[in-house]
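Asker:
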Amino acid sequence: MAWRGLHLTQAARLSLADSQVCVKQDAGEVRLALEDIAWIVIDTPQATLTSALMSACMETGIVLVFTDERHIPSGMALPFHRHHRQGGIARLQMDAKDGVKKRLWQAIVRRKILNQASSLAVLDRNNAETLREIARHVEPGDPENVEARAARFYWGRLFEDFVRDDDGDLRNKMLNYGYAVVRAGVARALVASGFLPAFGLKHDGAANAFNLADDLVEPFRPFVDVLAWKTLGDRVDRKGDLTLEDRRAMAGVLLLNGKVGAGSVSLLVAAEMAAASLCRALEFEKPAFLELPELERDS
Numbered sequence: 001m002a003w004r005g006l007h008l009t010q011a012a013r014l015s016l017a018d019s020q021v022c023v024k025q026d027a028g029e030v031r032l033a034l035e036d037i038a039w040i041v042i043d044t045p046q047a048t049l050t051s052a053l054m055s056a057c058m059e060t061g062i063v064l065v066f067t068d069e070r071h072i073p074s075g076m077a078l079p080f081h082r083h084h085r086q087g088g089i090a091r092l093q094m095d096a097k098d099g100v101k102k103r104l105w106q107a108i109v110r111r112k113i114l115n116q117a118s119s120l121a122v123l124d125r126n127n128a129e130t131l132r133e134i135a136r137h138v139e140p141g142d143p144e145n146v147e148a149r150a151a152r153f154y155w156g157r158l159f160e161d162f163v164r165d166d167d168g169d170l171r172n173k174m175l176n177y178g179y180a181v182v183r184a185g186v187a188r189a190l191v192a193s194g195f196l197p198a199f200g201l202k203h204d205g206a207a208n209a210f211n212l213a214d215d216l217v218e219p220f221r222p223f224v225d226v227l228a229w230k231t232l233g234d235r236v237d238r239k240g241d242l243t244l245e246d247r248r249a250m251a252g253v254l255l256l257n258g259k260v261g262a263g264s265v266s267l268l269v270a271a272e273m274a275a276a277s278l279c280r281a282l283e284f285e286k287p288a289f290l291e292l293p294e295l296e297r298d299s
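Each residue of the sequence shown is one higher than the one before, counting from 1 in our numbering.
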């Protein structure tokens, strides 16, 4: 079972050898079992991947994340088909009743806001209880857009002098890096469960190949927020670039733990559980079956 990721930041040649990822660099060679790897972040323009390795990654279910010249994640590669019930799961998506999809979206938004509240509590910020109260007002489909109201409240308490769409802000660079890695992990889990990630519950962008991943990733975002806040530390320069240490920290976000049911699991496993439970929720028309990670207050 896959349990680890690979973050590549220096010139290297990646190839396939004996069912292992072979990473050759000037300093030497490292081999990692394919079956242990869930994601690979290619965070350098000086990496070469063989077609045999890329094919093996798709066959094994490894998601590849690529960054641009600014070290910002810019794309990912996923397998086409990973489930023996691919057609049946796709029909569940297409035939899902609006009422079921709206209640699933209600559960997703509510858990996201509750996790945002826990994020404030974990970081000793104020007003976590207010967010918990806001979460109670989320209705099926969130017609009043409580999610957006909670977000405005949340960001104002998490960071000082912060604008979420300022791409030059170091905090946003950290957040976007972490969000991209988590999104890739969720997309990987959805494909492995037989879903077509282009067809979402709420998101429906015609040019977006990952609408369903963008739905299901929402409760995972506060985990990234906490990691970014802790990684930033007491730095005062808000306009700098991500350091290598920053990128490594954010690339490892899927190894953080969250609570699902009575147990604590990595976000990588939580994504797999969320995707599998979404399948059950659609099949039995029971949104309560959906399992989403809870950010524990003692994280």
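Using N, Cα and C, we set each Cβ at its ideal position, and we do this for glycine too.
What whole-angstrom Cβ distance do leucine 131 and alanine 117 have, given they're in contact under 8 Å?
Answerer: Between the beta-carbon of leucine 131 and that of alanine 117 there is about 4 Å, and that keeps the pair under the 8 Å contact cut.
Asker: For alanine 36, I'd like the list of residues in its chain whose CB is within less than 7 Å of its CB, leaving aside the five on either flank, ordered along the chain.
Answerer: Here residue 36 is aspartate; the residue named in the question, alanine, does not match the sequence. Cβ-Cβ distances below 7 Å link aspartate 36 to Ala2, Trp3 and Arg4 in the same chain, with the five nearest sequence neighbours on each side left out; the list follows chain order.
Asker: By the DSSP assignment, the beta strand (DSSP E) with tryptophan 39 in it spans what residues?
Answerer: 37 to 42
Asker: Going along the chain, which residues of its own chain have a beta-carbon closer than 6 Å to the beta-carbon of alanine 128, five neighbours each way excluded?
Answerer: Ala117, Leu120 and Ala121
Asker: Leaving aside the five residues before and after leucine 255 along the sequence, list all residues of the same chain whose C-beta is less than 8 Å from its C-beta, in chain order.
Answerer: Arg4, Gly5, Ser266, Leu267 and Leu268
Asker: Mapping the DSSP letters down to three states, classify valine 217 as helix, strand or coil.
Answerer: It is coil, neither helix nor strand.
Asker: Ignore the nearest five residues each way along the sequence and tell me which others in serine 277's own chain have a CB closer than 6 Å to its CB.
Answerer: Phe289, Leu290 and Glu291
Asker: Since glycine 200 and leucine 190 are thought to touch, with beta carbons under 8 Å apart, how far apart are those beta carbons, to the nearest angstrom?
Answerer: Not a contact, Cβ separation roughly 10 Å.
Asker: Answer with buried or exposed for lysine 112, where buried requires no fewer than 16 other C-beta atoms within 10 angstroms of its C-beta.
Answerer: buried
Asker: Hey, out of Thr231, Glu139 and Leu295, whose CA is closest to proline 222's CA?
Answerer: Leu295
Asker: Rounded to the nearest angstrom, what separates arginine 157 and leucine 123 at their Cα positions?
Answerer: 10 Å
Asker: Compute the Euclidean distance between the alpha carbons of arginine 236 and aspartate 167, then round it to the nearest angstrom.
Answerer: Note on identity: in this sequence residue 236 is valine, with arginine being the wrong assignment. Taking the straight line from one Cα to the other gives about 17 Å.
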